[in-house]
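For the sequence shown, full-length UniProt numbering assigns the number 1 to the initial residue and increments by one for each residue that follows.
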Amino acid sequence: MQKTVIVKLKGGMGNQMFQYAFSRALIAAAKKHGEAISVEYDITGYGEHGRVKKDTLRTFDLQKLSCEIVIADEYVALAARNPFGVISKIIRRIITKFFTPDTVRYDETLLMPPYKNYYEGYWQSEKYFKNIEQEIRQHFTFREPLGPVAQAMKEKIENDPHAVGIFFRRTDYVGHSDLDVCDDTYYSRALAKMRELVPNMHLYVMSDDIEWVKQNGNLPEGTTYVSSPSISYIEEMEISTACKHHIIPNSTFAWWGAWLNTNPDKISIAPKLWSKKTNTTWYKDIIPKTKNWLRA
C-alpha cells in the first residue's frame, strides 16, 4: 500500500529546491527499500499569492520549474504537523526555544524506513540526491522561455569561453541577525583564486542589489552586469547556469545556479564558512567535495 508523506516547503527559491530534491530522494530511497511513497507539499507558510506570510521577498516558485507538485490539503498538512493538536505546537515551541534542530547537513537515516508522515527541514546537501542527479536536473529545467533581454544575455554568455558568474547577495542579508553578508575579503580571495585558474576570466555579475555592486564591488573594467529590471530572478538563475565557472556567496539560490551548470570542467568557488553565527558543522555538507568545487 502506498504511503503519502508531506514535505514542508519554506524559504526562498534555493531552499525550496533543496526541499524538493530531498523529497525525490525520499521516493527513490523508499523504492530501494521495497516501499512505495508519494509526496504532497505543505505550502501553508505562503500567502494567497505565493508570498511568504512574513515580511520577506520570498515566494513559492517551484511551479516555475518542471517539478511534480501536489499541494497537500491545508487541514491535512496541519494535522500531520501537529498530530496532537495544541499539545504538539506547545512541545515544538518549547523544543525550538532551547534547542534548534539540525536539519541542514546530511543525515542518511532520514532516507531509511520507517517513513514519517511529515518532514520539515532544509537538507542542504547534494549527498541526498547525488544518485538521482539526472532526475533532479530534469525536474529543475525551466518551464517558461526567456524574455528577449534574458535570452540575449544567455547567448552572450554561452559564446564566451571565459564566462565567470559572480553573485552578490545583499537585500535580505544586510542587517539580519542570523545571516552573514560575504565581504570584500571573501570576494578578493575568490577572485584571486579564479584568476589563477581562468586567467582571461570575464565576470558576469548577478545581484539582488546590482546598483550597490556597481558602486562598491571594485570589479575590473569590462565586467558585465547581468541583473536588471528587464530580467526576472528566475531568468537570472537560468542565465547563471550558462556561465562556465562561478563565484557564489552563502546563498542557496546561487548554489543551484552553479550546480545546474553542466560544464564538466566548471570551477565553483564558495565561502569557507557558510555562516559565522550558527553551528558551522551544520553546513559542512553544503559544498560538494569534488574537484569542481573550491572554498576561499
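Using N, Cα and C, we set each Cβ at its ideal position, and we do this for glycine too.
A quick note: this is a predicted structure, and the numbers were derived from the prediction, not measured.
**OP:** Let me know if Gly222 comes out buried or exposed under the rule of 16 or more other beta-carbons within 10 Å of its beta-carbon.
**Re:** exposed
**OP:** Give a yes or no on whether the C-beta atoms belonging to Phe22 and Thr252 are separated by under 9 angstroms.
**Re:** no
**OP:** Count the other CB atoms, across all protein chains shown, that sit within 10 Å of the CB of Gln124; report buried if there are 16 or more and exposed otherwise.
**Re:** buried
Original post:
Is it right to say Thr281 is buried, meaning 16 or more other beta carbons lie within 10 angstroms of its own, or is it exposed?
Top reply: exposed
Original post:
Does the pairing of the segment 220-239 with the segment 141-154 give three or more beta-carbon distances under 8 angstroms?
Top reply: yes
**OP:** Return the residue from the list Phe60, Asn117, Asn15 and Pro220 that minimises the CA-CA distance to Gln2.
**Re:** Asn117
Subject >> Cutoff 7 angstroms; reference Val226; Cβ partners in own chain excluding five residues on either side >> reply: Met153, Tyr204, Val205, Met206, Glu236 and Ile239
Original post:
Can the beta-carbon of Leu294 be found closer than 9 angstroms to that of Tyr283?
Top reply: no
Original post:
Between the segment 35-49 and the segment 3-17, do at least 3 Cβ pairs fall closer than 8 angstroms?
Top reply: yes
Original post:
Going by DSSP, what residues sit across from Ala254 in a beta bridge?
Top reply: For Ala254, which the question treats as bridged, DSSP gives no partner whatsoever.
Original post:
Nearest to Asn216 by CA position, among Met201, Ser188, Ser230 and Pro229, is which residue?
Top reply: Ser188
Subject >> Opposing strand residues paired with Ile248 [DSSP bridges] >> reply: None; Ile248 has no bridge partner.
**OP:** Provide the residue span of the alpha helix (DSSP H) that contains Ile27, from first to last.
**Re:** Met13 to Lys32
**OP:** Please check the pair Ile247 and Val164, which I expect to be a contact at CB under 8 angstroms, by giving their CB distance rounded to whole angstroms.
**Re:** 7 angstroms
Subject >> Whole-angstrom distance between Ile43 and Asn15, CA atom to CA atom >> reply: 13 angstroms
Original post:
Which term fits His245, buried or exposed, when burial requires 16 or more other beta carbons within 10 angstroms of its beta carbon?
Top reply: buried
**OP:** Could you give the DSSP three-state label for His202: helix, strand or coil?
**Re:** strand
Original post:
Is the Cβ-Cβ distance between Asp107 and Arg170 less than 9 angstroms?
Top reply: no
Original post:
Got a sec? Which residues, its chain only, sit under 6 angstroms from Gly121 by beta carbon, not counting five neighbours each side?
Top reply: Thr103
Subject >> His139 vs Leu260 beta-carbon contact at 9 angstroms >> reply: no
Original post:
With a Cβ-Cβ cutoff of 9 angstroms, do Ala30 and Tyr115 count as a contact?
Top reply: yes
**OP:** State the Cα-Cα distance for the pair Pro271 and Ala192, rounded to the nearest angstrom.
**Re:** 13 angstroms
**OP:** Compute the Euclidean distance between the alpha carbons of Ile71 and Arg137, then round it to the nearest angstrom.
**Re:** 21 angstroms
**OP:** Counting only the same chain and skipping the five closest in sequence on each side, list residues whose C-beta sits under 6 angstroms from that of Tyr119.
**Re:** Val7
**OP:** Spatial neighbours of His176 within its chain, please: CB distance less than 6 angstroms, with the 5 preceding and 5 following residues excluded, ordered by chain position.
**Re:** Bear in mind that the predicted position of His176 carries a pLDDT of just 47, short of 50, making it unreliable; the figure below should be weighed with that in mind. None.
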